[in-house]
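*Asks:* Chains as they are written, first to last, in our numbering: chain A, 1 to 118; chain B, 1001 to 1862.
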Ligand code: SRM
Ligand SMILES: Cc1cc2nc3c(=O)[nH]c(=O)nc-3n(C[C@H](O)[C@H](O)[C@H](O)COP(=O)(O)OP(=O)(O)OC[C@H]3O[C@@H](n4cnc5c(N)ncnc54)[C@H](O)[C@@H]3O)c2cc1C
Ligand code: SF4
Ligand code: FES
């Protein structure tokens, strides 16, 4: 899946696909920004990568990447490890509180490397 | 607030026991307390409590647990005046006043005597010896408990219902227990000779010695006034019949009404005591009523709570002049109980005294079951019966009798074991009319229960109890209530669901069996077979835990790591700022100087906050995720292992210092605690598990607040289970006494495995226990008597877990692909700059967000 970021964004290579255990996340540091990179392998074997802010607004800590990955209905999500609020992996929308959402970042795989647009 | 006026009439209730309380409770429920000044005298130091469940005080229930008041402030809220610890000493019926022991004189319009009864102590020489007790109040039990700590042998005089209950309490306190009975069988009132014989055999098989046909002639004292021994004579021949050495005697030779006030006031009394009452519970004085065990109706005292409760309702009707008041016209004295694990039920004309009646009985001396039915002359109606060993049919048989349900053609089939292939003949709850009284304690009918289930959408027996009160008296109707619930829900087409989450239409218990029986070893395999979607933060950790307690593979294996909850995921407890705490295992709290030094060295080197935990070990806080393997490398070197403070797993087995050092210790509690902790370390379970081992009854390790607690005795160990500290403290229950170490471990093995198989997610053993049908007796049936036939499986499952233990942290540190997961950033070796520590009392603590906020732009960008 190759998508092109808007002209002002650049792709940053953060790690190889194999660096992240399937259905878990890892944190990447790009400048002062901390990004939770999530590798999802669904039941059908399809693989997707998501990038979202690592900052949990509820816990006020950089922990999102350490949450549990799963689904609510058809929505892929991650639950913050501290107080367990869930966030939509695609949109960053908090599924427990409509007034909260966190930033998301475009991701892609190039030559086995995971890249994030920033 | 209620609006009382001085013009209100006053009712004084003397005695705040079970029945006195029921009277006041009924007044309140009907709103009558608004037009009456209700005053009660309570001689005991506490308001009404559940005397029926008195024995559970020994099993750890507290006085508060036993209280009959819904809240301690219940009387105050409703404007009831209580004279606590105060006794009425006289009644002046002409002046309509009572005088209290403190000299107060109060006027009444109506007076209700609810003074209960007192245990009869036969006039035996020496009955004042230290060590003689009766069994009636919480104070009696406290005194017995105290005396029992210095006793080895205990004797109960009287083999009736209460005597046997008392014997069971003595046995549980670890005493050699004897029951001495004057008559030729136990429980003369309730059972016949056939039943008595089975009962005796059952009770003796539990290690209680039964002496029938014995009259106590003397209690011989030691020089310092304690009991030395007791001597007997044969009641028939009046010849000496041996003696018995003992430290403790409990009299349980019947009750006598507390009618002294009736006598003093000149009320009409029975020849052998008891205050005469009529159908309205009114005594010979129109303004004085008597209810409960002090009242004599048609020459009969009713020594059970259900008739007392009925009298209380009748009395309220009477004094409030209810149109069509209830009347008391005698009461069914049926009882069902469990005595020392033996089920006993007796109802109606149990002895077959009705002229012309037929008797059908069935004895299975192998299974130690006895059943007897008393049938009407035409064999169409049930008049009474006795059930021993198995009372599962009690509820329905009793109801057939009360409701005169027409019996099937061969009524004896009701008590015969079902012939193979045949359908059970039992007429179920559906046969009963809506008017059938299911709960006689609170007079609740089948109709009331069913409509409560319907209209208030009740789904649990506990809801029915709180809504209708059914089952909250003597408890004998609970199984019927349960059947009614099942039946009613079935008719409504409702199945009660306990699905884990949207991904699995199964309970945790079902998933555990599916995993075990289907030999499923991964979440994906389970999801593919039995689930939908991709899982979530509810089902993943639950399944992760089931996998670990079934197959015991390392929880950070690639296939398991994504399932692990926050703390398990990094084998440490995540703190509010995303750092971790580290808790090495300190089995039994025993720690070497080198290990202490190592903890200090590590804490200094990594600048960690150190604290002694509530679990006899040390917690080091503030470690960054990437530091965890480095810290553990150093801890492993001095022999530390993972303490699983992060897991729903065995935490600690607390110990006291025990016989090695302590002057009171009777066993080596530290040694055993270490053994126990090492046996179960690493075991994952539905919730965390804690144990304790105390070296003697002083209980310094607080074992009775643990999931499993062990208390040393002279003869071994007593094992308690299902205690809890935490949010809702609960005392543990005695599972077995005087065990060897090996026997103790076997029972813990089975108990834990049974819990792991059947509990819900995040359900501690105490909560699990509270939902367990049949309580501690059921648990004993499963893990000791092997009623479910699963003990061998449970044993081998635990053996497998113990054999495959690995130190999670050692494996994690030594396996590169696991160790690699402990990093702050996947693309950088920087530290997380948002973690900021502040110094406080010479150590660090994580900065609060407000403290970081002024600089936050320097630390991060979102
Ligand atoms: C560290 C410690 C407090 C301390 O500084 O003393 C502690 C700390 C926590 N306890 Fe505790 N409990 C600690 C002893 C206790 C005790 C005392 C004991 O074990 O003797 C109890 C009451 C006994 C009991 O469990 O019955 C206790 C009852 C709880 C409960 C309530 C459990 C319950 O059944 O009601 C929770 C909440 C839960 O588990 O759901 C809890 C939860 C927690 C958590 C895990 C809360 C959390 O999720 O962050 C805390 C983790 C702190 C950390 O990162 O290490 N902690 N906690 C103690 C660690 C003991 C150890 O060495 O492992
Ligand atoms: C161990 C045990 C087990 C039992 N098990 C069962 C069972 O399984 N099923 C069953 O149906 N029944 C059982 N019973 C019997 C049941 O507890 C009684 O029937 C019930 O408590 C009677 O209630 P009551 O109010 O009449 O008497 P009580 O509960 O004895 O209350 C009377 C109260 O009045 C107080 N009092 C007396 N005189 C005065 C005074 N002058 N001034 C102020 N206060 C006074 C007393 O101190 C006492 O607190 C059991 C009893 C015991 C002891
Ligand atoms: S009592 Fe509460 S705050 Fe204190 S350690 Fe336990 S869980 Fe944390
Ligand atoms: S019959 Fe006693 S509680 Fe229901």
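From the three backbone atoms N, C-alpha and C, an ideal C-beta is built for every residue, glycine too. Note that the structure is predicted; figures quoted are calculated from it, not measured.
1. The beta strand (DSSP E) spanning residue 1814 (chain B) covers which residue range?
2. Counting only beta-carbon atoms, is residue 1821 (chain B) nearer than 8 Å to chain A?
3. Can you give me, in chain order, the residues of the region 1831-1846 of chain B that have a beta carbon less than 7 Å from any beta carbon in chain A?
4. Quick check: is the beta carbon of residue 1562 (chain B) nearer than 8 Å to any beta carbon in chain A?
5. Between the C-alpha atoms of residue 1057 (chain B) and residue 1309 (chain B), what's the straight-line distance to the nearest angstrom?
6. Look at residue 1617 (chain B) and residue 1653 (chain B) and say whether their C-beta atoms are less than 8 Å apart.
7. Taking the straight line between their C-alpha atoms, what separation do you get for residue 1596 (chain B) and residue 1366 (chain B)?
8. So which residues on chain A does residue 1569 (chain B) lean against when the C-beta distance must stay under 7 Å?
9. Give every residue of the same chain whose Cβ lies closer than 7 Å to the Cβ of residue 1 (chain A), excluding the five residues on either side of it in the sequence, and list them in chain order.
10. Report the neighbours of residue 94 (chain A) on chain B: residues whose CB is nearer than 9 Å to its CB, in chain order.
11. Can you look up residue 58 (chain A) in the DSSP assignment and give me helix, strand or coil?
12. Could you tell me which residues DSSP pairs with residue 1649 (chain B) in its beta bridges?
13. Taking contact to mean 3 or more Cβ pairs, one atom from each stretch, closer than 8 Å, check whether the region 1354-1372 of chain B and the region 1330-1339 of chain B are in contact.
14. Use the C-beta contact count for residue 1562 (chain B): other C-beta atoms within 10 angstroms, 16 or more gives buried, fewer gives exposed.
15. Can you pull the chain E neighbours of residue 55 (chain A), defined as C-beta to C-beta under 9 Å?
16. My understanding is that residue 1758 (chain B) touches residue 1509 (chain B), with C-beta atoms under 8 Å, so please give their C-beta distance in whole angstroms.
17. Let's see if you can read the secondary structure: which residues bound the beta strand (DSSP E) around residue 1661 (chain B)?
18. Can you find a heavy atom of ligand 1 that lies under 7 Å from the Cβ of residue 1435 (chain B)?
19. Could you check which residue in B:1369, B:1406, B:1048, B:1009 has the C-alpha nearest to that of residue 1391 (chain B)?
20. Is it buried or exposed, residue 1404 (chain B), if we count other Cβ atoms within 10 angstroms and call 16 or more buried?
21. Within 10 Å of its beta-carbon, does residue 1727 (chain B) have 16 or more other beta-carbons around it, so buried, or fewer, so exposed?
22. Closer than 8 Å by beta-carbon distance: list the chain A residues that pair up with residue 1521 (chain B), in chain order.
23. Note down, in chain order, every chain B residue with its Cβ under 7 Å from the Cβ of residue 24 (chain A).
24. Check whether chain B comes within 8 Å of residue 100 (chain A), counting only Cβ atoms and requiring the distance to be less than that.
25. Quick one: which chain A residues come within Cβ less than 7 Å of residue 995 (chain B)?
26. Please name the residue, chosen from B:1773, B:1774, B:1752, that lies closest to residue 1764 (chain B) on a Cα-to-Cα basis.
27. What are the start and end residues of each continuous alpha helix (DSSP H) run of 4 or more residues lying completely inside the region 1123-1167 of chain B, in chain order?
28. With respect to 7 Å, is the separation between the Cβ of residue 1865 (chain B) and the closest non-hydrogen atom of ligand 2 below this value?
29. Taking the alpha-carbon positions, what's the residue 946 (chain B) to residue 1086 (chain B) distance?
30. By the DSSP assignment, the beta strand (DSSP E) with residue 1469 (chain B) in it spans what residues?
31. Helix or strand or just coil, what does DSSP make of residue 1118 (chain B)?
32. Flag residue 1555 (chain B) as yes if its beta-carbon sits less than 8 Å from any beta-carbon of chain A, otherwise no.
33. Could you please give me the residues that DSSP links to residue 1284 (chain B) through a beta bridge?
34. Closer than 7 Å by C-beta to residue 1425 (chain B): which residues in its own chain qualify, once you throw out the five before and the five after it? Chain order, please.
35. In chain order, what residues of the same chain have a beta carbon less than 7 Å from the beta carbon of residue 1729 (chain B), not counting five sequence neighbours either side?
36. Could you spell out the range, first to last residue, of the beta strand (DSSP E) harbouring residue 1240 (chain B)?
*Replies:* For this structure:
1. Per DSSP, residue 1814 (chain B) belongs to no beta strand (DSSP E); it is in the alpha helix (DSSP H), 1808-1814.
2. yes
3. 1832, 1834
4. yes
5. 22 Å
6. no
7. 59 Å
8. 66
9. In this predicted model, residue 1 (chain A) has a pLDDT of only 40, less than 50, meaning its place in the structure is not dependable; the value taken from the coordinates is given anyway. Correct list, in chain order: 108.
10. None at all; the shortest Cβ gap to chain B is about 14 Å.
11. coil
12. B:1684
13. no
14. buried
15. The displayed structure is made up of protein chains A and B, and chain E is not among them.
16. 5 Å
17. Residue 1661 (chain B) -> no beta strand (DSSP E), and no H or E assigned at all.
18. no
19. B:1369
20. exposed
21. exposed
22. Near residue 1521 (chain B) there are no residues of chain A at all, since even the closest Cβ is about 16 Å away, more than 8 Å.
23. 1561, 1562
24. no
25. Residue 995 (chain B) lies beyond the residue range present for chain B, which begins at 1001 and ends at 1862; the question has no answer from this structure.
26. B:1752
27. 1138-1148
28. No information on residue 1865 (chain B) is available, as it lies outside the stretch 1001 to 1862 that chain B covers here.
29. What is shown of chain B runs 1001 to 1862, which leaves residue 946 (chain B) out entirely.
30. First-last for residue 1469 (chain B): undefined, no H or E at that position.
31. strand
32. no
33. In DSSP, residue 1284 (chain B) forms no bridge with anything.
34. Annotation note: pLDDT 42 at residue 1425 (chain B) (below 50); position unreliable, coordinate value reported separately. Same-chain partners within the cutoff: 1408, 1413, 1414.
35. 1705
36. 1240-1245
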